Amino acid sequence: MSAIPKTAPADHAPASPIQIRPLPGPLGAEVLGLDLSLPLSDADFRRIHRAHLDHHVLIFRDQRITPQQQVDFSRRFGPLQIHVLRNFQLPGHPEVLVVSNIKENGQPIGLGDAGAFWHSDLSYKEKPSMGSLLHAQELPADGGDTLFANQHAAYEGLPQALKRALDGKRAEHSYLAKYEELRARSPWRPPLTQKQIEEVRPVVHPVVRTHPETGRKALFVNEHFTTRILGIPEDESRDLLAELFKLSVQPQYLYTHVWQPGDMVFWDNRSVMHLAGGTPDHLRRKLYRTTIEGDIPF
Numbered sequence: 001m002s003a004i005p006k007t008a009p010a011d012h013a014p015a016s017p018i019q020i021r022p023l024p025g026p027l028g029a030e031v032l033g034l035d036l037s038l039p040l041s042d043a044d045f046r047r048i049h050r051a052h053l054d055h056h057v058l059i060f061r062d063q064r065i066t067p068q069q070q071v072d073f074s075r076r077f078g079p080l081q082i083h084v085l086r087n088f089q090l091p092g093h094p095e096v097l098v099v100s101n102i103k104e105n106g107q108p109i110g111l112g113d114a115g116a117f118w119h120s121d122l123s124y125k126e127k128p129s130m131g132s133l134l135h136a137q138e139l140p141a142d143g144g145d146t147l148f149a150n151q152h153a154a155y156e157g158l159p160q161a162l163k164r165a166l167d168g169k170r171a172e173h174s175y176l177a178k179y180e181e182l183r184a185r186s187p188w189r190p191p192l193t194q195k196q197i198e199e200v201r202p203v204v205h206p207v208v209r210t211h212p213e214t215g216r217k218a219l220f221v222n223e224h225f226t227t228r229i230l231g232i233p234e235d236e237s238r239d240l241l242a243e244l245f246k247l248s249v250q251p252q253y254l255y256t257h258v259w260q261p262g263d264m265v266f267w268d269n270r271s272v273m274h275l276a277g278g279t280p281d282h283l284r285r286k287l288y289r290t291t292i293e294g295d296i297p298f
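The opening residue of the sequence shown carries number 1 in UniProt numbering; numbering runs sequentially from there.
1. Which residue marks the beginning of the alpha helix (DSSP H) containing residue 299, and which one marks its end?
2. Are at least three pairs of beta-carbons, each pair with one atom in the region 42-56 and one in the region 166-174, less than 8 Å apart?
3. Let me check one thing: in DSSP terms, what residues is V208 bridge-paired to?
4. Within its chain, find whatever has a CB closer than 7 Å to the CB of A116; leave out the 5 residues flanking it on each side and keep chain order.
5. Would you list the one or two residues that DSSP bridges to residue 310?
6. My output table needs one value for S174: the three-state DSSP class, helix, strand or coil.
7. Distance, Cα to Cα, R61 vs R238?
8. Excluding the five sequence neighbours on either side, which residues of its own chain have a C-beta within less than 7 Å of the C-beta of G112, listed in chain order?
9. For F220 versus G28, is the C-beta spacing smaller than 8 Å?
10. Can you tell me the Cβ-Cβ gap for Y288 and P67, rounded? I've got them flagged as a contact below 8 Å.
11. Classify K163 as helix, strand or coil using the three-state DSSP reduction.
12. Which class does F245 belong to by DSSP, given the choice of helix, strand or coil?
13. Kindly provide the ranges of any beta strand (DSSP E) runs that are 3 or more residues long and lie completely inside the region 77-123, ordered along the chain.
14. Going along the chain, which residues of its own chain have a beta-carbon closer than 8 Å to the beta-carbon of R228, five neighbours each way excluded?
15. Taking the straight line between their C-alpha atoms, what separation do you get for D72 and T193?
16. To the nearest whole angstrom, what separates the beta carbons of Q63 and G262, a pair I think is in contact under 8 Å?
17. Can you tell me whether S41 is helix, strand or coil according to DSSP?
18. I'd like to confirm the pairing. Which residues does DSSP put opposite P22 in its beta bridges?
19. What is the residue span of the beta strand (DSSP E) that I292 lies within?
20. Is the beta carbon of S248 less than 8 Å from the beta carbon of P202?
21. Can you tell me where the beta strand (DSSP E) holding Q260 begins and where it ends?
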């Protein structure tokens with residue numbers, strides 16, 4: 001398991017008076033007193049890293065940062081991944097995916113239906129995302145919430161017989177699983193080129209993954225990208241996945257984030273799934289997302 005980075009010998013800066021305030025409920029914490037537009041000491045970085053592992057979702061309030069500062073902070077956790085839909089990259093910042101329902105000159109400026117189904121970001125990649133950071137740019141007066149589901153708690157809450165049945169099971173994940181369904185109802189999903197299709201070939205991951213830093217087990221299947229469980233008949237796979245999808249998002253595992261101006265939310269895709277709560281079509285919403293590459297799940 002990876003260790004939390006140690007302070008470099010040259011870093012003698014004292015930790016700033018940041019506060020980690022856990023939220024009531026099954027996950028999440030607010031980070032208060034931290035300005036990410038300023039240099040972050042190794043000591044503060046370690047605190048943030050530890051809090052991320054402990055709480056799975058961190059909310060940084062009132063962050064007045066540039067896209068480049070978001071990219072730089074994200075990169076401290078690892079290499080960044082670039083989304084296959086490159087038409088929604090922020091100009092000048094290919095690492096930033098624009099998540100937005102806004103249209104300019106009749107064309108969408110961002111991915112407006114991101115998060116339409118419960119999912120873990122980039123679970124369809126050989127190395128799924130370790131974490132994602134979403135920074136609010138423009139928020140609607142109504143709607144636009146994001147829901148998170150604790151998958152460690154979901155796994156721990158399974159009946160013992162079901163845990164035994166899942167032991168050693170592996171499942172296929174595909175970016176294309178619901179792509180045509182989404183294309184049929186939204187303007188945000190262009191036809192994919194053959195090169196893009198090859199970039200998102202299906203992959204296979206454990207149904208229950210072990211967190212590489214904490215050792216905790218979590219469910220790792222989702223309704224958006226998981227297509228089937230290998231080694232069992234198709235009907236059994238379909239029924240088992242439906243049961244897991246239902247059990248993994250029970251109310252006791254959920255946190256609903258109601259966005260405030262300047263919020264940046266950083267979640268652990270190895271520990272949680274998330275879902276967009278929806279925004280009324282006539283209200284504008286725009287956020288910037290970066291994703292950090294993770295490890296091959298085991």
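C-beta atoms are modelled at their ideal positions from N, C-alpha and C, and glycine is treated no differently.
Here the structure is a predicted model, which means the values were calculated and not measured.
Taking the structure as given:
1. Only positions 1 to 298 of the chain appear in the structure, and residue 299 is not among them; the question remains open.
2. no
3. Start at 1 with the first residue of the sequence shown, and residue 208 comes out as number 208. DSSP, once it has assigned bridges, lists L219 as partnering V208.
4. Counting from one through the sequence shown, the residue named residue 116 turns up at place 116. The residues are L182 and A276.
5. The structure shown does not extend to residue 310, since the chain is modelled only from 1 to 298, so the question has no answer here.
6. In the sequence shown, residue 174 corresponds to position 174, counting from 1. Looking at S174 - three-state DSSP - the assignment turns out to be coil, as it is neither helix nor strand.
7. Here residue 61 corresponds to residue number 61 of the sequence shown, with the count starting at 1. Here residue 238 corresponds to residue number 238 of the sequence shown, with the count starting at 1. Going by the C-alpha atoms only, they are around 41 Å apart.
8. Along the sequence shown, one-based indexing puts residue 112 at 112. For G112, where only same-chain residues beyond five positions count, the Cβ hits under 7 Å are S100, N101, S186 and W188.
9. In the sequence shown, residue 220 corresponds to position 220, counting from 1. In the sequence shown, residue 28 corresponds to position 28, counting from 1. No, the pair does not count as a contact, with Cβ atoms beyond the cut-off.
10. Stepping through the sequence shown from its first residue, residue 288 is reached at position 288. Stepping through the sequence shown from its first residue, residue 67 is reached at position 67. Correct: roughly 6 Å between the Cβ atoms.
11. Here residue 163 corresponds to residue number 163 of the sequence shown, with the count starting at 1. Looking at K163 - three-state DSSP - the assignment turns out to be helix.
12. Position 245 of the sequence shown, counted from the first residue, corresponds to residue 245. The answer is helix: DSSP assigns F245 an H, G or I state.
13. 93-100
14. Within the sequence shown, the letter at position 228 stands for residue 228. Cβ within range, chain order: A171, E172, E234, S237, R238 and L241.
15. Numbered from 1 along the sequence shown, position 72 holds the residue referred to as residue 72. Numbered from 1 along the sequence shown, position 193 holds the residue referred to as residue 193. Near 30 Å, if we compare the C-alpha coordinates of T193 and D72.
16. Your numbering for residue 63 matches position 63 in the sequence shown. Your numbering for residue 262 matches position 262 in the sequence shown. Right, the Cβ-Cβ distance comes to about 5 Å (below 8 Å), so this counts as a contact.
17. As a first step, residue 41 must be located in the sequence shown, where it is residue number 41. Coil, per DSSP.
18. As a working mapping, residue 22 is identified with position 22 in the sequence shown. P22 is bridged to A29.
19. Your numbering for residue 292 matches position 292 in the sequence shown. Unbroken beta strand (DSSP E) run through I292: K286 to E293.
20. Here residue 248 refers to the residue found at position 248 when the sequence shown is read from its first residue. Here residue 202 refers to the residue found at position 202 when the sequence shown is read from its first residue. Not closer than 8 Å, so no.
21. If you number the sequence shown from 1, residue 260 lands on position 260. Element bounds for Q260: n/a, residue is neither H nor E.
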